[in-house]
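Enquirer: Next up is a structure, given as structure tokens.
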Amino acid sequence: MSARFFLDTNVFVYSFDASSPAKQKKARDLIDRALSTRGGLVSYQVVQEFLNVALRKFEMPLTPHEGRSYLDQVLAPLCEVFPTMRLYQRALDLKSEMNIHFYDALVIASASEAGCKILYTEDLQHDQRVAGLVIQNPFL
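At position 35 of the sequence shown the residue is numbered 1270 (the working numbering), and the sequence of numbers has no breaks.
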């Protein structure tokens, strides 16, 4: 069985970005793998961030109906991490230790809490090891 992995928001955003076909394909492949193997997951934060971007900032924003459909079919089945005080405390510790943005620290804390071994994101240093995770930028 392969290691559990966490998908950051940018993976979902790129899955809709036809202007970057290579990134779009890689993002879609990761999402498909997450859904088919049940090895990939996200947190409530990724769900919120993606829907905010998709409904407001896409070249052709999703309608609320389309957003709901994507939520039900893709995001909800992958969402396993929800807010707790312990999660926020860990994120604050990581922010302090790593000198990174709070929301990046929250993603790391969520992935770590869920027992993931890999965090797919382009927002952090590729191959960095932190909190039991290896950071991988799938778009390099």
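Note that CB positions come from ideal geometry on N, CA and C, so glycine has one too.
Bear in mind the structure is a predicted one, so any value in this text is a computation, not a measurement.
1) Contact between the segment 1312-1326 and the segment 1290-1299: three or more CB pairs below 8 Å?
2) Taking Cβ positions, are K1330 and A1344 nearer each other than 7 Å?
3) Using C-beta distances below 7 Å, list every residue in its chain close to S1250, excluding the 5 sequence neighbours before and after it, in chain order.
4) What does a CB cutoff of less than 7 Å around L1375 pick up in its chain, not counting 5 residues either side in sequence?
5) So, using beta-carbon positions, are Q1363 and I1370 closer together than 7 Å?
6) Could you give the distance in angstroms between the alpha-carbon of P1312 and the alpha-carbon of R1239?
7) Would L1276 and G1302 qualify as a contact pair, given that the criterion is a beta-carbon distance under 7 Å?
8) State yes or no: is the C-beta of R1303 nearer than 6 Å to some heavy atom of the ligand ADP?
Expert: Inspection of the coordinates gives the following:
1) No, they do not touch.
2) Cβ atoms of K1330 and A1344: not closer than 7 Å.
3) Cβ neighbours of S1250 beyond the five flanking positions: Q1259, A1262, R1263 and I1266.
4) So the list reads H1361, once near-sequence residues are dropped.
5) Contact flag set, yes.
6) Rounded to whole angstroms, the separation of the alpha carbons of R1239 and P1312 is 14 Å.
7) In this structure, G1302 does not lie closer than 7 Å to L1276 by Cβ.
8) You won't find the ligand ADP in this model; it holds no ligand whatsoever.
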